[in-house]
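Peer 1: Per numbering that gives the first Met the number 0, the sequence shown starts with residue 0, numbered consecutively.
Dropping a structure here in structure tokens format, bear with me for questions.
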Amino acid sequence: MDFRKKSILLIAGSLILSGSLSSVCGAEARTAPTKTLKARVSQDLMAADDLVRKGKFSEAAELYRTALNADSKDITVRNGLAYAYAKGFKLDRAEEEFDKVLKQDPQNAMAHCGKAQVTLNRLQSSNNTMRKNKDALLKQAGAECNLALATDPNLPEAHNILGKIFKEEGRLDKAEQSFNAAITADRNYSDAYTGLGMVQLDAGRTAEAITSFKQATAINTGNSTAHYGLGRAYLAQGLPDEAIKELNTSLYQFRNSAPVHFEMGKAYQTQGNTVAAIKEFQETIRIKPENSAPYIKIAEIRESRGDIEHANAELRSGLDLMPDNTELHQRVANNSLKLEKIADAIKEYETVLSKSPANVAAVEGLTRSLYLKAQKETTGAFIADNDYEAAEKSIARAIQMNPENLQLRLADAKLRSLSGKPVDLSIIGKPKNDGERVAYAEALLAQNRFSEATEEFNMLVTNATTAKKLAALGDLTLMIRDLDNADMAFKKLATMPGGQDSAKRGAHLVAKARETTKQELNMANDLARRKQFNSAIDKYHAAIFNDPRNSRARYGLAETLDKFYPQDPKSMRESVMQYKAYESLTPGLPAKETERLHKIIARLELRATKLERQIAAGKKPNIIARLMQR
């Protein structure tokens, strides 16, 4: 291969971006050729080569055009011009020049490589049509690489581009083979070492990735993608200071890189510098607004400060651009649940499941929302038929796709318990990990088996060894208003490094919920004494929503329902459930009190059964009952 062609190919090797911008796992490669043109090449071409290395692509293109004016048929110079256009992201002009080369020489491997690079670079466009046609564009780029390799099987640039294509497709093993083939063909190919490092990093082989990135920067210190990769690797090792140093080097070489700004934001967040982190995430959005990751990161910081409304505003700004993004919808749903906007949460979870039917977290979120709705609604402790039917269909689809998933089956059990159907959890299976244990504990709560649920949460708190896990567990138990277990999680969190602020915020919210429960319960009791039963029932439900483990609220609601709705089987069933919950929450009741409760429960169940049969037979409630239900 002549030296002029080799020089242009080295420029070509620096063009492709490593990784997928849609998952913020690549960086704009801005590497430069490692060899200058030989003496026989004109001074203008050597100057153009140097300008490309410095990132002055427009000036380089001007020199290449000057050279072409002297010899319009010089294919090597035209390829150089095309690569200068491509590196300046003038992709249409680059492709036009490559096509001119191929018209002169249809087998020109360098031009086919260039067209593959241009095609691959189009994936970085914010154009929605381009992003939707990702698979087709990758196949097109791969076809160009194969044409180049048919002419020159050992062309390192073609192997390098194939590696990037395989990486985009998620075929990391094939990508690694291609990058190694490129390195075998050219041991001084900096960009190939960078690509190899990215694959190793994505595979979790951080130490190997660092070695590859260091080799890439040793060959070419101007390889911004390699510095970016080193920054990511150091961050993965918990070394934010070293990561920031490398990322700053990468930004110095190319400032308009969304992935580098994103990783910089993560590094600052790790340091606790949330103001700087938000600034970097916002810069990421400015450059690449159609990526969900920075919106989620900003929301994460807002959430850690307790500013859930502001977090949801950030997420919804992302949904304005990406209305079908399930990650954003799910995060909005989780936050809506924290804000007690249960209807909004249910709507968002259903949106997620309509697009991703096998999403276990969304199924759990949906049933969690229905559990809270059942506690809060004043129409009864059991969920409404339309809510149940919609959720049942979603869960059935998810289970069909994941029949062995215990968390889904436990979510289904929780839903059936909330609908008033008997469920035997023992036949479903015992949890084997923390994710399953959370689902199991929630299913126990849905059956008012509070002491057993506490045992599971105790194990979860014991297993949580980091502040992040404890904070998540505390937030979860607080969300479902399991105040005792939330208090336990936050108390342990307060003893963990970096957990004091979150623990303090959580403890404050637990105390606030207890105080609200106390006020609602006092008001409910007062209303019941004044025989304002309808209003009393509302307040009892509010107290139970804020603290489902409050036994006095359970008993007060059961007694009031018994008095106020003596002819309504649905209310009588709920009264039975509340009496049973009271008994479960009050261990050590005297034998006489337990016996009295059992007699009341038996009476209510018998009466409810008779009324249900009468209604099924077409008999209407008597006039007195209708008046009492107004």
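C-beta atoms are modelled at their ideal positions from N, C-alpha and C, and glycine is treated no differently.
Small disclaimer: the values here were computed from a predicted structure and weren't measured.
Quick check: what's the CA-CA separation for ALA83 versus GLU302?
Peer 2: Residue mapping note: residue 83 aligns to position 84 of the sequence shown, counting from 1. Residue mapping note: residue 302 aligns to position 303 of the sequence shown, counting from 1. Roughly 45 Å between the two C-alpha positions.
Peer 1: Would you mind working out which of ILE426, ILE164, ILE398 sits nearest ARG632, comparing C-alpha positions?
Peer 2: Any answer about residue 632 is impossible in this case: the structure gives the chain only from 0 up to 629.
Peer 1: Tell me which residues share the same chain as LYS296 and place their Cβ nearer than 8 Å to its Cβ, disregarding the 5 neighbours each side in the sequence.
Peer 2: For the purposes of this step, residue 296 is identified with residue 297 of the sequence shown, where counting begins at 1. PHE261, GLY264, LYS265, GLN268, ALA276, PHE280, listed in sequence order.
Peer 1: Cβ of ASP561 versus every heavy atom of the ligand ADP: is any distance shorter than 6 Å?
Peer 2: Absence of the ligand ADP from the depicted structure is noted, as is the absence of any ligand whatsoever, leaving it without description.
Peer 1: When DSSP labels each residue in this structure, what does SER418 get in the three-state scheme?
Peer 2: Within the sequence shown, residue 418 is the residue found at index 419, counting from 1. If DSSP states are grouped into helix, strand and coil, SER418 belongs with coil.
Peer 1: Can you name, in chain order, every residue of its own chain whose Cβ lies under 8 Å from the Cβ of ALA360, other than the five neighbours on each side?
Peer 2: Here residue 360 is taken as the residue at index 361 of the sequence shown, counted from 1. The residues are GLN329.
Peer 1: Tell me, please, whether the stretch 345-358 touches the stretch 306-319 by the rule of three or more beta-carbon pairs shorter than 8 Å.
Peer 2: In short, these stretches do not touch, since the Cβ pair count stays below three.
Peer 1: Look up PRO402 in the DSSP assignment and say whether it is helix, strand or coil.
Peer 2: Counting from 1 along the sequence shown, the entry for residue 402 is found at position 403. In the structure shown, PRO402 sits in coil (DSSP, three-state: anything other than H, G, I, E or B).
Peer 1: Do ILE300 and THR325 have their C-beta atoms closer together than 7 Å?
Peer 2: Position 301 of the sequence shown, counting from 1, holds the residue named residue 300. Position 326 of the sequence shown, counting from 1, holds the residue named residue 325. The answer is no: Cβ separation not under 7 Å.
Peer 1: Only counting the same chain, and skipping five residues up and downstream in sequence, which positions put a Cβ closer than 6 Å to that of VAL331?
Peer 2: Looking up residue 331 in the sequence shown gives position 332. Closer than 6 Å at Cβ, skipping near neighbours: ASN311, LEU314, GLU347.
Peer 1: If you count every other CB in all the chains shown that lies within 10 Å of the CB of THR30, and 16 or more means buried, which is it?
Peer 2: In the sequence shown, residue 30 corresponds to position 31, counting from 1. With a pLDDT of only 38 at THR30, under the threshold of 50, the placement of this residue in the model should not be trusted, and no figure is reported.
Peer 1: Can you grab the Cα-Cα spacing for the pair ASN432 / LYS372, in whole Å?
Peer 2: For the purposes of this step, residue 432 is identified with residue 433 of the sequence shown, where counting begins at 1. For the purposes of this step, residue 372 is identified with residue 373 of the sequence shown, where counting begins at 1. Cα to Cα, ASN432 sits roughly 28 Å from LYS372.
Peer 1: For a quick check, are the C-beta atoms of MET675 and GLY228 less than 7 Å apart?
Peer 2: In this structure the chain extends from 0 to 629, so residue 675 is not present and cannot be described.
Peer 1: Need the endpoints of the alpha helix (DSSP H) that ILE160 sits in, please.
Peer 2: Taking the first residue of the sequence shown as 1, we reach residue 160 at position 161. ILE160 -> alpha helix (DSSP H) spans 155-167.
Peer 1: Please report how far the alpha carbon of ALA147 lies from the alpha carbon of HIS158, in whole angstroms.
Peer 2: Taking the first residue of the sequence shown as 1, we reach residue 147 at position 148. Taking the first residue of the sequence shown as 1, we reach residue 158 at position 159. Rounded to the nearest angstrom, the two C-alpha atoms are 10 Å apart.
Peer 1: Out of ALA110, ASP70, THR65, which has the shortest C-alpha to C-alpha gap to ASN78?
Peer 2: Your numbering for residue 78 matches position 79 in the sequence shown. Comparing Cα-Cα distances from ASN78 to each of ALA110, ASP70, THR65, the minimum goes to ALA110.
Peer 1: GLY555: buried (16+ other C-beta within 10 angstroms of its C-beta) or exposed?
Peer 2: The residue you call residue 555 lines up with position 556 of the sequence shown. Label assigned to GLY555: buried.
Peer 1: If ALA445 and TYR539 are in contact, beta carbons under 8 Å, what's the gap, nearest whole angstrom?
Peer 2: Along the sequence shown, read from residue 1 onward, the residue named residue 445 stands at position 446. Along the sequence shown, read from residue 1 onward, the residue named residue 539 stands at position 540. Rounded, the Cβ-Cβ distance is 19 Å, inconsistent with contact.
Peer 1: Tell me whether LEU234 is buried or exposed, calling it buried when 16 or more other Cβ atoms sit within 10 Å of its Cβ.
Peer 2: Locating residue 234 in the sequence shown gives position 235, where the first residue counts as 1. Classification for LEU234: buried.
Peer 1: I need the straight-line Cα distance from SER177 to ALA81, nearest angstrom please.
Peer 2: For this step, residue 177 is matched to residue 178 along the sequence shown. For this step, residue 81 is matched to residue 82 along the sequence shown. Between SER177 and ALA81, the C-alpha separation is close to 24 Å.
Peer 1: Looking at ALA523 and LEU482, is the spacing between their C-beta atoms short of 7 Å?
Peer 2: Stepping through the sequence shown from its first residue, residue 482 is reached at position 483. Stepping through the sequence shown from its first residue, residue 523 is reached at position 524. Going by C-beta atoms, LEU482 is not nearer than 7 Å to ALA523.
Peer 1: Have a look at GLU592 and ARG528 and give me their C-alpha separation to the nearest angstrom.
Peer 2: To locate residue 592, count along the sequence shown from 1; it is residue 593. To locate residue 528, count along the sequence shown from 1; it is residue 529. Cα to Cα, GLU592 sits roughly 22 Å from ARG528.
Peer 1: For ASP525, is the classification buried or exposed, using 16 other Cβ atoms within 10 angstroms of its Cβ as the cut-off for buried?
Peer 2: Taking the first residue of the sequence shown as position 1, residue 525 is located at position 526. So ASP525 counts as exposed.
Peer 1: Taking the alpha-carbon positions, what's the LEU560 to GLU604 distance?
Peer 2: Start at 1 with the first residue of the sequence shown, and residue 560 comes out as number 561. Start at 1 with the first residue of the sequence shown, and residue 604 comes out as number 605. Roughly 13 Å separates the two Cα atoms.
Peer 1: Do you know how far the Cα of ALA292 is from the Cα of SER501?
Peer 2: Position 502 of the sequence shown, counted from the start, is the residue given in the question as residue 501. Position 293 of the sequence shown, counted from the start, is the residue given in the question as residue 292. Taking the straight line joining both Cα atoms gives about 23 Å.
Peer 1: Using 7 Å as the threshold, is the C-beta distance between SER355 and PHE449 below it?
Peer 2: By one-based count along the sequence shown, residue 355 stands at place 356. By one-based count along the sequence shown, residue 449 stands at place 450. Cβ atoms of SER355 and PHE449: not closer than 7 Å.
Peer 1: Which stretch, first to last residue, makes up the alpha helix (DSSP H) that contains LYS123?
Peer 2: By one-based count along the sequence shown, residue 123 stands at place 124. One point to set straight first is that residue 123 is Gln, not Lys, in the sequence displayed. GLN123 -> no alpha helix (DSSP H), and no H or E assigned at all.
Peer 1: If you follow the alpha helix (DSSP H) that GLU262 is in, where does it begin and where does it stop?
Peer 2: Along the sequence shown, one-based indexing puts residue 262 at 263. From DSSP, the alpha helix (DSSP H) with GLU262 extends over 257-270.
Peer 1: Give the DSSP-derived three-state secondary structure of LEU338 in the structure shown.
Peer 2: Residue 338 sits at position 339 when you count from the first residue of the sequence shown. Correct three-state label for LEU338: coil.
Peer 1: Please go through the stretch 305-349 and give each complete alpha helix (DSSP H) segment of 4 or more residues, from N-terminal end onward.
Peer 2: Entirely contained in the stretch 305-349, the alpha helix (DSSP H) runs reaching 4 residues are, in chain order, 307-320, 325-337.
Peer 1: Is it the case that the Cβ atoms of VAL117 and ALA85 are separated by a distance below 7 Å?
Peer 2: Working through the sequence shown from its first residue, we reach residue 117 at position 118. Working through the sequence shown from its first residue, we reach residue 85 at position 86. In this structure, ALA85 lies closer than 7 Å to VAL117 by Cβ.
Peer 1: In whole angstroms, give me the CA-to-CA distance for MET571 and TYR581.
Peer 2: Position 572 of the sequence shown, counted from the first residue, corresponds to residue 571. Position 582 of the sequence shown, counted from the first residue, corresponds to residue 581. Going from the Cα of MET571 to the Cα of TYR581 covers about 15 Å.
Peer 1: Just mark LEU475 as buried or exposed, buried being the case when its beta carbon has 16 or more other beta carbons within 10 Å.
Peer 2: In the sequence shown, counting from the first residue as 1, residue 475 sits at position 476. The residue is buried, with at least 16 neighbouring Cβ atoms inside 10 Å.
Peer 1: Would you identify the three-state DSSP class for TYR251, choosing helix, strand or coil?
Peer 2: Numbered from its first residue, the sequence shown carries residue 251 at position 252. Three-state DSSP puts TYR251 in a helix.
Peer 1: Once DSSP output is grouped into helix, strand and coil, what is the label at GLU143?
Peer 2: By one-based count along the sequence shown, residue 143 stands at place 144. Helix, per DSSP.
Peer 1: Rounded to a whole number of angstroms, what is the C-alpha to C-alpha distance between PRO258 and SER223?
Peer 2: Counting from 1 along the sequence shown, the entry for residue 258 is found at position 259. Counting from 1 along the sequence shown, the entry for residue 223 is found at position 224. Answer to the nearest angstrom: the Cα atoms are 12 Å apart.
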